[in-house]
Amino acid sequence: MTLASLLVFTGVGEELELIEKQIPEIGHAEVLVKNLYTTLCGSDLHTFCGVRHEKTPTVLGHEIVGEVVEIGSGHTGRDYAGNPLRVGDVVTWCIFSSDPQSAEALKGMPQKASGLFKYGHAQLTDQDAFHGGLAEYCILKENTAILRIPGDVPLAVAATINCAIATVAGALRLAGDIRGKRVLITGLGLLGIVCTAMCKDAGAAMILTADINSQRLGQSLAFGAGDTYLLGHSEVNAVTDQLQPSPEDMDVVFDMSGAPDAMEMGINSLRVGGIAIWVGAVFTARKVACDAEQIVRKLITIKGLHNYNYEDFVAAVEFIGRCHKDFPFDKIIGKEFTLSQAQAAFEYALAHKPLRVGIRL
Ligand SMILES: [Zn+2]
């Protein structure tokens with residue numbers, strides 16, 4: 003029996019508490035992983051400051067990369083790609099586990115299937131505590147898709163695969179073929195930045211990014227944006243300082259902001275046959291207003307995405323393995339902290355709003 007540290011979140015306004023617990027015997031189909039690096043996702047920050055609610059106490063952090071320490075005797079011994087899984091492998095895993103035989107899973111929506119469990123979102127109990135990224139270890143439950151990290155991907159980048167990057171892979175799946183398309187991306191947190199890079203890689207003819215933050219607009223240029231659009235500031239282009247008209251004639255618009263204004267602008271910018279993919283709206287906001295007649299006459303499609311499926315997870319690992327050097331992914335971490343400094347990491351993330359802060363374990 004080994005003691006390991008966990009950082010416990012008990013509620014809004016409470017200091018995170020570092021505790022020690024014994025790592026239990028793992029179940030027959032479980033895998034014990036030593037967490038190596040965790041990045042704080044926007045939803046971690048939302049929980050920390052009370053915009054969203056989790057059952058507490060909990061261990062936050064779900065963008066995790068770790069090293070396999072022990073594989074249960076009943077585990078297949080293989081990763082999701084079918085390759086042998088070995089002690090010492092550096093791996094990422096799906097943010098969720100669920101019943102692969104349930105109706106939703108069989109329809110390609112395992113993130114909504116029965117028996118759903120989400121890492122970094124679960125209540126800490128005496129029997130079940132090692133399920134978050136802000137801890138030294140994580141126990142991966144049965145039916146968790148695990149994939150090895152390609153050799154030269156930095157840990158800080160690898161950590162973002164199982165939330166931000168896989169979610170964007172899902173958004174591109176829903177959008178269909180991007181090659182030759184005119185794309186608008188609203189909201190340039192990490193999802194929007196990754197979406198820019200993935201659309202560039204997928205052969206978009208033109209990528210326009212939009213945000214209320216001019217610094218983030220500038221950042222998106224390095225990830226493949228061809229032009230930028232400053233939202234909510236009299237429509238002055240952040241890069242050229244010139245007034246610009248509202249975007250139009252877009253084939254695909256991705257909203258990563260969740261802001262009703264941005265989603266409305268996106269719908270209005272679509273040409274005939276356009277597709278809107280909404281991903282950012284994961285918090286309470288006013289209802290979006292759209293002109294149904296325009297949706298009908300312009301043959302517009304709107305699709306929503308929450309989390310991702312296994313296909314998206316595989317695509318995310320493939321994309322990062324192949325493209326992490328093609329874009330400045332090494333710049334996404336604003337500052338790095340240790341586990342015992344995680345309170346300061348949350349405060350830094352909220353005050354300075356970098357794309358991510360990192361916790362090196
Ligand atoms: Zn997340």
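All you need for the numbering used here is the position in the sequence shown, starting with 1, plus 2.
Every residue gets a Cβ at the ideal spot worked out from N, C-alpha and C, and that includes glycine.
Keep in mind the model is a prediction, meaning the values are calculated, not measured.
Quick one: is residue 272 buried, meaning 16 or more other Cβ sit within 10 Å of its Cβ, or exposed?
Residue 272 is buried by the Cβ-count criterion.
Quick one: is residue 165 buried, meaning 16 or more other Cβ sit within 10 Å of its Cβ, or exposed?
buried
State yes or no: is the C-beta of residue 65 nearer than 7 Å to some heavy atom of ligand 1?
yes
Name the two residues that bound the continuous beta strand (DSSP E) containing residue 24.
19 to 24
So residue 362 is in the beta strand (DSSP E); what residue range does that whole segment cover?
358 to 362
On the three-state DSSP scale, how would you describe residue 111?
coil
State the Cα-Cα distance for the pair residue 299 and residue 268, rounded to the nearest angstrom.
16 Å
From the DSSP output, which residues share a beta bridge with residue 184?
208
Would you list the residues sitting across from residue 6 in a DSSP beta bridge?
23
For a quick check, are the C-beta atoms of residue 366 and residue 30 less than 8 Å apart?
The question about residue 366 has no answer, for the chain in this structure spans 3 to 363.
Run the CB neighbour count on residue 99, radius 10 Å, all protein chains shown included, and call it buried at 16 or more, exposed below.
buried
Look at residue 48 and residue 122 and say whether their C-beta atoms are less than 8 Å apart.
no
Less than 8 Å between C-beta atoms, sequence neighbours within five positions excluded: which residues of the same chain meet that for residue 291?
262 and 266
Report yes if the C-beta of residue 259 is less than 7 Å from at least one heavy atom of ligand 1; otherwise report no.
Shortest gap from the CB of residue 259 to any heavy atom of ligand 1: 7 Å or more.
Can you have a look at residue 45 and say buried or exposed, based on whether 16 or more other CB atoms are within 10 angstroms of its CB?
Residue 45 comes out buried.
Say yes only if the C-beta of residue 45 is nearer than 7 Å to one or more non-hydrogen atoms of ligand 1, and no if none qualify.
yes
Going by the C-beta, is residue 165 closer than 7 Å to any heavy atom of ligand 1?
Shortest gap from the CB of residue 165 to any heavy atom of ligand 1: under 7 Å.
Thinking C-beta only, is residue 113 closer than 8 Å to residue 354?
no
Cα separation between residue 6 and residue 340?
15 Å
Could you tell me which whole beta strand (DSSP E) segments of length 3 or greater appear in the stretch 234 to 299?
252 to 257 and 272 to 280
Using only CA atoms, which one of 178, 62, 88 and 167 lies nearest to residue 74?
For residue 74, the nearest C-alpha among the options comes from 88.
For a quick check, are the C-beta atoms of residue 276 and residue 253 less than 8 Å apart?
yes
Taking the runs of the beta strand (DSSP E) that are 3 residues or longer, which of them lie wholly in the stretch 121 to 196?
Fully enclosed beta strand (DSSP E) runs of 3 or longer: 139 to 142, 148 to 150 and 184 to 188.
Within its chain, find whatever has a CB closer than 6 Å to the CB of residue 101; leave out the 5 residues flanking it on each side and keep chain order.
Within its own chain, the residues whose Cβ lies closer than 6 Å to the Cβ of residue 101, once the five positions on either side in sequence are excluded, are 115, 116 and 117, listed in chain order.
Output the distance between the C-alpha atoms of residue 92 and residue 158, rounded to the nearest integer angstrom.
13 Å
Who are the near neighbours of residue 214 in its chain, counting only those whose CB is closer than 6 Å to its CB and skipping five residues on each side?
233 and 234
Looking only at C-alpha atoms, which of 227, 257 and 179 sits nearest to residue 204?
Answer by Cα proximity: 179.
Straight-line CA distance for residue 111 to residue 296?
30 Å
Rounding to the nearest angstrom, what Cα-Cα distance links residue 160 and residue 148 in this structure?
Whole-angstrom Cα-Cα distance: 13 Å.
Please report the distance separating the alpha-carbon of residue 40 from that of residue 173.
23 Å
Going by other Cβ atoms of all chains shown within 10 Å of its Cβ, with 16 needed for buried, is residue 129 buried or exposed?
exposed
Kindly identify the DSSP beta-bridge partner or partners of residue 306.
Beta-bridge annotation (DSSP): residue 306 is paired with 280.
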